Amino acid sequence: MHSTANSQDTNATYHRDALAKLNNNELFISDAFIGGKWVSKTKKFDVFEPASGTKLGLVSDCDVEDFRNAIESAHQAQANFFEGTTGTSRGALLRRWCDLILANQDDLATILSLENGKTIGEAKGEVVYAANFISWFAEEATRAYGVTIPSSTPHTTLLTIREPVGPALAAGCSVVIKPPSETPYTCLALTKLAVEAGIPSNLIQVCPTKNRQAATELATNSLVRKISFTGSTGVGKMLAKLASGTLKKVSLELGGNAPFIVFDDANLDLAVEGAMFCKFRCSGQTCVCANRLYVQKRVAQDFTSKLVKKVSDLQVGQGLHPLTTQGPLVNKAAIEKVREHIHDATSKGARVEVGGQPFQSPGFFFQPTVLSGVTQDMIVSKDETFGPLAPVFEFETEEDVLRLANDTEFGLAGYFFSRDISRAMRVAQKLQVGMVGVNTGKISAPEAPFGGVKESGYGREGSLYGLEEYQNIKSITIGNQDATAL
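Here the working numbering is used: the first residue of the sequence shown is -7, the next is one more, and so on.
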């Protein structure tokens, strides 16, 4: 593999230059958005660029009172929005928002790459996907009926603002957003574009914070009727418990431990391409990334050799560099977790086929790594790595691999490769996950429900089912006013 990582000073200069070259520098925002106004708080928190470890900026840090004000403002806005608009008019607003997102694709991708570290190609793709997601719900808004929730409180990760906000607005709901403290800038930029599109300014509230107590107001405030959360299983359980006090509707998209299965009748080149996409995109830092690669024994050596060759060709470096194909991890803790998983595996007999070490450079870079000889007693079989580590397990039979794949408390996504259509139907049904990719590593689409089972959460984002998460069912019975007809 190769590295395009630079010195800390060079990377810091690089991000300053990138921000200076934004076509619309008003999209790089550090303020909260409450009550239809941009609010600069005295207290702020640092946001760091993962490629250099240097400070990217300071963002307003909201307190409990800010969250209460935002919730009250959103509650008042929701009644007017739902009662004063039709599905068609809400769809038109979402389409205008979609158009503005696409028109500002380059700037949004630059901001996303700087704060998250992903490559500029991945960032541009995510912007387009976000726009497509909102566009899909713009069309669904014309078919959205029923009584909806007063407000919604999505906790977003990167551009996953699209997943709760699109259907919420389509259904006529207001939203209060607590963006991740590591990556708030993209969310704030999207909010500015939403207001420019004509979406009522107090319909969307954005409260950045590093204050966990302040954020819990979203789960306990009685005006909030729906929570959508993307994050760790531990925090998801805590929010569900807090939300139960007022019987809120809750959608949780939590941790994963995705199995990636290669049967001996699979197209190995296709399987390797699938593994590269769903293991190493965003440096392995998505909840649906493959975490355990199970390869049938007869083809394990060939598959591993092909995978190692592809991984060796990855270019690791700053996300905005045009040659980079693998960016940094989000922080130092992520580096340490990958290192821990590799150390545990190698101490128990696994072999490093490529990679295995962090780069000796500024920022949070780790060599894309492939392990062979991995067994079920290693931490990596149970714990989601969330990094560029591909552990290859070998298996003998279909029955064996299904037992191994399902031997986890998580159930978000699963993948397998086989030419046998009967096996495809059989294995897809038996994998205990919410989403299955058959001969592909790509499983996300606006029209497809996204979510898991077991301790990966409940509820769905995307599709008609995602829209229903933001609606309530009301039955109205009207009696005959003519008493003689009784």
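Every residue gets a Cβ at the ideal spot worked out from N, C-alpha and C, and that includes glycine.
What you are looking at is a predicted structure, and each value in this text was computed from that prediction instead of being measured.
Within the same chain, R452, G454, S455 and Y457 come within 6 angstroms of P441 by CB-CB distance, once the 5 residues on both sides are set aside. Within the same chain, and ignoring the five residues on either side of Y121 in sequence, no residue has its Cβ closer than 6 angstroms to its Cβ.
Where D98 is concerned, the enclosing alpha helix (DSSP H) starts and stops at Q97 to N108.
Taking a cut-off of 8 angstroms for Cβ pairs, the stretch 60 to 79 and the stretch 227 to 236 do not touch, as fewer than three such pairs fall below it.
At a Cβ-Cβ threshold of 8 angstroms, V425 and L394 do not count as neighbours. Under DSSP, R343 shares a beta bridge with S364.
Bridge pairing for W30: F25 [DSSP].
The criterion of a C-beta distance shorter than 8 angstroms is not satisfied by R82 and A160. Within the model, the alpha-carbon separation for E345 versus F40 is close to 32 angstroms. DSSP places A181 within a helical segment (H, G or I) once states are collapsed to three. Under DSSP, V168 takes part in a beta bridge, and its partners are Q197. Taking the CA atoms as reference points, L210 sits about 17 angstroms from E461. Relative to E174, the option among F37, G355 and S353 whose CA is nearest is F37. A distance below 7 angstroms between beta-carbons, with the five flanking residues on each side excluded, links N96 to the following residues of its chain, in chain order: N16, L19 and L185.
Taking 8 angstroms as the upper bound for CB-CB distance, T111 and G311 are in contact here, some 5 angstroms apart. Counting along the chain, G49 sits inside no alpha helix (DSSP H); it lies in the beta strand (DSSP E) bounded by residues K47 to S52. Between V366 and P380, the gap from beta carbon to beta carbon reaches 8 angstroms or more.
For F272, the enclosing alpha helix (DSSP H) stretches over residues L260 to F272. Excluding its 5 nearest sequence neighbours in each direction, A115 has C-beta neighbours in its own chain below 6 angstroms: A101, L104 and S105, listed in chain order.
Between F409 and N259, the gap from beta carbon to beta carbon is short of 8 angstroms. Under the three-state reduction of DSSP output, A43 falls in the coil class, being neither helix nor strand. The way I'd put it, the stretch 406 to 422 does touch the stretch 258 to 272; three or more beta-carbon pairs between them come closer than 8 angstroms.
Taking every protein chain shown into account, the CB of E388 has fewer than 16 other CB atoms within 10 angstroms, so this residue is exposed.
Counting only residues of its own chain and dropping the five nearest sequence neighbours on each side, A420 has a CB closer than 7 angstroms to the CB of V428 and V430. In terms of Cα proximity to A250, the closest of A43, A397, A437 and R87 is A397. Secondary structure of F351 (DSSP, three-state): coil. Per the DSSP secondary-structure output, D9 pairs with nothing in a beta bridge.
Going by C-alpha positions, P171 is about 22 angstroms away from G444. By the neighbour-count definition (other C-beta atoms within 10 Å, threshold 16), G355 is a buried residue. Cβ contact annotation for S127 (same chain, cutoff 8 angstroms, sequence separation greater than five): L86, R87, C90 and P438, in chain order. Between the C-alpha atoms of Y450 and D474 there is a straight-line separation of about 47 angstroms. Closest option to A181, judged by alpha-carbon separation, among I93, N124 and V167: I93. When beta bridges are read from the DSSP output, R415 appears opposite no residue.
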